[in-house]
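**Student:** Here the sequence shown stands for residues 4 to 161, numbered as in our numbering.
Mind having a look at this structure? Questions to follow.
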Amino acid sequence: KDLKRSIVYRTAPIVLEKPYAYKTNIDFLNKNSITIDNLKQKNGVTILKSAKLAIYDYCATGIFEAMLMSRPLIVIANRELISFSHEYIHLIDELYELEIFISDPSHAAQIVNRIANNPKKWWSEKSRNIKALSFAKTFVNCDSKLTDQIISLSKKNL
4 KDLKRSIVYR TAPIVLEKPY AYKTNIDFLN KNSITIDNLK QKNGVTILKS
54 AKLAIYDYCA TGIFEAMLMS RPLIVIANRE LISFSHEYIH LIDELYELEI
104 FISDPSHAAQ IVNRIANNPK KWWSEKSRNI KALSFAKTFV NCDSKLTDQI
154 ISLSKKNL
């Protein structure tokens, strides 16, 4: 299956209304048959349930949902623009070392191409899945009820 046709570009509605303000090339996405989801079509958990690999270009709720659901993900985020309290810097640095967070979009594209056939295998290598879950649990209140609900949602309709 053509990888481009299985990509969903998830963005805020304002990006579609004013792409010039967000430097998003909507025409490029449309020309390459990349589906655009403007947050109105489906919720993040629904999209993640069917995704083999999630790619984010911003740090928000979605990355934590993916981590808690143990879905392979890549976050393209310039390391110099991400700041955390001193006590948590080692956690974010580790995600960059594991290439879950990546500063350079070209490097991210190389990784996506390399792992496209089996993102789950890549996700389980070097304990990425475990370290991402640990990262998420550091910042999200994950009492057992919430974790059970997310796992239950992620297993439905698979």
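In this text, a Cβ means the ideal position worked out from N, Cα and C, and glycines have one as well.
The structure presented is a predicted model; accordingly, all values stated were derived computationally and were not measured.
Specify, as a first and last residue, the run of the beta strand (DSSP E) that V78 falls within.
**Tutor:** Unbroken beta strand (DSSP E) run through V78: L76 to I79.
**Student:** Does the distance between the C-beta of S137 and the nearest non-hydrogen atom of the ligand ADP fall short of 7 angstroms?
**Tutor:** With respect to small molecules bound, the structure shown includes none, and the ligand ADP cannot be examined in it.
**Student:** Whole angstroms are fine: how far does the CA of E68 sit from the CA of D107?
**Tutor:** Distance between the alpha carbons of D107 and E68 is about 23 angstroms.
**Student:** Spatial neighbours of I58 within its chain, please: C-beta separation below 6 angstroms, excluding the five flanking residues on both sides.
**Tutor:** Contacts found: I77.
**Student:** Could you round the C-beta distance between S114 and E102 to whole angstroms and report it? I think they count as a contact, below 8 angstroms.
**Tutor:** With the sequence shown as reference, residue 114 is identified as Ile, and Ser is not the correct amino acid for it. Indeed, because the Cβ distance is near 6 angstroms, the residues count as touching under 8 angstroms.
**Student:** Starting from I92, trace the alpha helix (DSSP H) in both directions and tell me its first and last residue.
**Tutor:** I92 to E100 is the extent of the alpha helix (DSSP H) around I92.
**Student:** What are the boundary residues of the beta strand (DSSP E) that A111 is part of?
**Tutor:** Unbroken run through A111 is the alpha helix (DSSP H), P108 to I118; no beta strand (DSSP E).
**Student:** Taking I105 as the reference, give the member of N81, R117 and L94 with the closest Cα.
**Tutor:** Among N81, R117 and L94, the Cα nearest to that of I105 belongs to N81.
**Student:** According to DSSP, which residues form a beta bridge with A57?
**Tutor:** For A57, which the question treats as bridged, DSSP gives the partners L76.
**Student:** What residues in its chain sit with their C-beta under 6 angstroms from that of L94, if we drop five residues either side in the sequence?
**Tutor:** Cβ within range, chain order: F138.
**Student:** Put F104 into one of helix, strand or coil per three-state DSSP.
**Tutor:** Residue state, collapsed to three classes: strand.
**Student:** What's the call for R117, buried or exposed, on a 16-neighbour Cβ count within 10 Å?
**Tutor:** That one is exposed.
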